[in-house]
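Residue numbers (mature numbering (1 follows the signal peptide of the UniProt record, and there is no 0)): -23 to -1, 1 to 423.
C-beta atoms are modelled at their ideal positions from N, C-alpha and C, and glycine is treated no differently.
Just so it is clear, the structure is predicted and the values come from calculations on it, not from any experiment.
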Amino acid sequence: MGFFKCVFLILSFLLVDPVPSFADSYSVSSKGFSEVSASFLNFAKKKEVFDWIVGVRRKIHENPELGYEEFETSKLIRAELDEMGIPYKHPIAVTGVVGFIGSGKAPFVALRADMDALPMQEMVEWEHKSKVPGKMHACGHDGHVAMLLGAAKILHEYRELLQGTVLLVFQPAEEGGGGAKKMIDAGILENVEAIFGLHISHDLPIGEVASRAGPILAGSGFFEAVISGKGGHAAIPQHSIDPILAASNVIVSLQHLVSREADPLDSQVITVAKFQGGGAFNVIPDSVTIGGTFRAFSKETFAQLRQRIEEVIIGQATVQRCNATVDFLDKEKPFFPATINDKGLHEHFRKVAGDMLGIRNVKEMQPLMGSEDFSFYQEVIPGYFFFLGMMDETKGKLASVHSPFFKINEDALPYGAALHASLATGYFLELLQKTTLLSGKQHDEM
Ligand SMILES: *[C@@H]1O[C@H](CO)[C@@H](O)[C@H](O)[C@H]1NC(C)=O
Ligand SMILES: [Zn+2]
Ligand SMILES: [Zn+2]
């Protein structure tokens, strides 16, 4: 109430006074806006809203679904959007959903959550443990969906404030499937000016966020190679061509790419994580399959690594009298570009998150070699990705993402919901402020 009046005042101030000095309008609106974002956070923390967000998260956690199979998750999202009276498009990229809140007109800003789980067995014993053997929400995407629905609830509650349209993007298949790319191919970014995404973080304190301008996560690719020799009796090696030894040499040679060919200041990783071959103590097998991942930040470095991985595998196999084929699996697992945050949106984020959490709780972070398919959106429009803290030392250490012991501190969920909502709402307000200033100036000059 007081809060609506306050925002109304800011807006009317901007509209009535065509040439406010920049400093004045900035301070007034940022003071006003910190009240807005504080209201968002308080709303998300209200018992009934918090319980509802947590309930959604637990329901999704109990029924984890892998990439492009998020049918029940998608259904649950749509049921909640229906309940709130928020229109949406579906299906996009098999299970994807895009909801719309606001004026229905430009500017358009997108908020994104990923929906998929991982093919692993949950080891946490609790009431809402995964009910599907071998599948688990171990990356927190259940929380991401719940937070975006929480943002939907906030934005819907305060919809009179929205000077534009927010797209709620629920995408499938982040874990290697490139769901973001399929959403883009379906045209969801048309006319969208900016997109925001977040990931919960187990080692960042609750109430803090972290990010940076520029590269924050690496580009990522996968490879698999079959190294073929000639099987035979393990005691008569001269009659065989041993693919196990050849594969071992291949793996050692691959290590030299980063240690000897890469610029030490240009971070890169090659990891061979898969080695399959042989089944008996006394038989040399016909072939061995190895596989792994490679990471780099720049497109050039990434392309160079890809080429050298292929050359080294084939060349080193040949030295060992074996043949090798290399597959980069880019049909099923498209290469992820590096996640690169827009500089302007970084400033916007610092302002919005700083208003809500206090600027000391908005941390600058070093880039990580992990990757995110959020980067696909950033190749098309300015985008911003950040980490949301959930560590609470009084509750003990949390396991990292992709661990079977991964747990979410649900107290972090209102923060994510409120930040999503504030980033979009604040974006519209800032834009309005800029256009008002601009039109004021133009008027002056004429
Ligand atoms: C490698 O490929 C060549 C050409 O196809 C073939 O003659 C040779 O037998 C293969 N060697 C092995 C170890 O598979
Ligand atoms: Zn993950
Ligand atoms: Zn994730």
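Just to confirm, are Y361 and H397 a CB contact at a threshold of 8 Å?
Indexing the sequence shown from 1 puts residue 361 at position 384. Indexing the sequence shown from 1 puts residue 397 at position 420. It is not a contact, given that the beta carbons lie outside the stated cut-off.
So, helix, strand or coil for R298, using DSSP?
The residue labelled residue 298 in the question sits at position 321 within the sequence shown. Three-state result, R298: coil.
Between the CA atoms of R136 and S399 - distance to the nearest angstrom
Here residue 399 corresponds to residue number 422 of the sequence shown, with the count starting at 1. Here residue 136 corresponds to residue number 159 of the sequence shown, with the count starting at 1. So the alpha carbons of these two residues sit roughly 12 Å apart.
With a cut-off of 8 Å on the beta carbons, I'd call R55 and V71 a contact; round off their distance for me.
For the purposes of this step, residue 55 is taken as residue 78 along the sequence shown, with counting starting at 1. For the purposes of this step, residue 71 is taken as residue 94 along the sequence shown, with counting starting at 1. Incorrect: roughly 14 Å between the Cβ atoms, too far for contact.
Does the beta-carbon of A257 have 16 or more other beta-carbons within 10 angstroms, so that it is buried, or is it exposed?
Reading the sequence shown from its first residue, position 280 is the one you call residue 257. With fewer than 16 other Cβ atoms within 10 Å, it is exposed.
Less than 8 Å between the CB atoms is what I'm expecting for V246 and V289, so what's the real figure, rounded?
As a first step, residue 246 must be located in the sequence shown, where it is residue number 269. As a first step, residue 289 must be located in the sequence shown, where it is residue number 312. Wrong, their Cβ atoms sit about 15 Å apart, outside the cutoff.
Provide the residue span of the alpha helix (DSSP H) that contains H121, from first to last.
On the sequence shown, residue 121 is found 144 positions in, with the first residue counted as 1. Unbroken alpha helix (DSSP H) run through H121: H118 to E134.
Mind checking who R272 pairs with in its DSSP beta bridge?
Along the sequence shown, one-based indexing puts residue 272 at 295. Answer by DSSP bridge pairing, in chain order: S197 and V246.
Is the distance from the Cβ of V265 to the Cβ of G208 below 8 Å?
For the purposes of this step, residue 265 is taken as the residue at position 288 of the sequence shown. For the purposes of this step, residue 208 is taken as the residue at position 231 of the sequence shown. Cβ atoms of V265 and G208: not closer than 8 Å.
In chain order, what residues of the same chain have a beta carbon less than 8 Å from the beta carbon of L181, not counting five sequence neighbours either side?
As a first step, residue 181 must be located in the sequence shown, where it is residue number 204. These residues qualify, in order along the chain: A187, K340, F364, L365, G366, M367 and M368.
Count the other C-beta atoms from every protein chain shown that fall within 10 angstroms of the C-beta of G198, then say buried if there are 16 or more, exposed otherwise.
The residue you call residue 198 lines up with position 221 of the sequence shown. Its Cβ being crowded by 16 or more others within 10 Å, G198 is buried.
Collapsed DSSP secondary structure at K340 in the structure displayed
Counting from 1 along the sequence shown, the entry for residue 340 is found at position 363. Residue state, collapsed to three classes: strand.
Could you check if L415 is buried or exposed, using at least 16 other CB atoms within 10 Å of its CB as the buried criterion?
For the purposes of this step, residue 415 is identified with residue 438 of the sequence shown, where counting begins at 1. Exposed is the call here.
Through-space distance from P241 to Q297, alpha-carbon basis:
Mapped onto the sequence shown, residue 297 falls at position 320. Mapped onto the sequence shown, residue 241 falls at position 264. Roughly 30 Å separates the two Cα atoms.
When DSSP builds the beta bridges, which residues end up paired with M368?
In the sequence shown, counting from the first residue as 1, residue 368 sits at position 391. Answer by DSSP bridge pairing, in chain order: P182.
Simplified DSSP state of K374, which is helix, strand or coil:
In the sequence shown, residue 374 corresponds to position 397, counting from 1. Three-state DSSP puts K374 in coil, outside helix and strand.
Can you name, in chain order, every residue of its own chain whose Cβ lies under 7 Å from the Cβ of T248, other than the five neighbours on each side?
Mapped onto the sequence shown, residue 248 falls at position 271. Closer than 7 Å at the Cβ level, and outside the excluded window around T248, lie G269 and T270.
Using the three-state DSSP reduction, which class does P381 fall into: helix, strand or coil?
Locating residue 381 in the sequence shown gives position 404, counting from the first residue. Coil, per DSSP.
On the CB-based measure, 16 or more other CB atoms within 10 Å of its CB, does M160 come out buried or exposed?
Here residue 160 refers to the residue found at position 183 of the sequence shown. It is buried - the Cβ of M160 has at least 16 other Cβ atoms within 10 Å.
Less than 8 Å separating the beta-carbons of H114 and P41?
Taking the first residue of the sequence shown as 1, we reach residue 114 at position 137. Taking the first residue of the sequence shown as 1, we reach residue 41 at position 64. Yes, Cβ-Cβ distance for H114 and P41 is below 8 Å.
Segment limits, beta strand (DSSP E) that includes G76:
Stepping through the sequence shown from its first residue, residue 76 is reached at position 99. G76 -> beta strand (DSSP E) spans G73 to G79.
Residue range of the beta strand (DSSP E) that L145 falls in?
Your numbering for residue 145 matches position 168 in the sequence shown. L145 -> beta strand (DSSP E) spans T142 to Q148.
Is the Cβ-Cβ distance between A83 and N168 less than 8 Å?
Within the sequence shown, residue 83 is the residue found at index 106, counting from 1. Within the sequence shown, residue 168 is the residue found at index 191, counting from 1. In this structure, N168 lies closer than 8 Å to A83 by Cβ.
Beta-carbon proximity list for Q98, same chain, < 7 Å, skipping 5 on both sides
Here the question's residue 98 lines up with position 121 in the sequence shown. P110, G111, M113 and P381.
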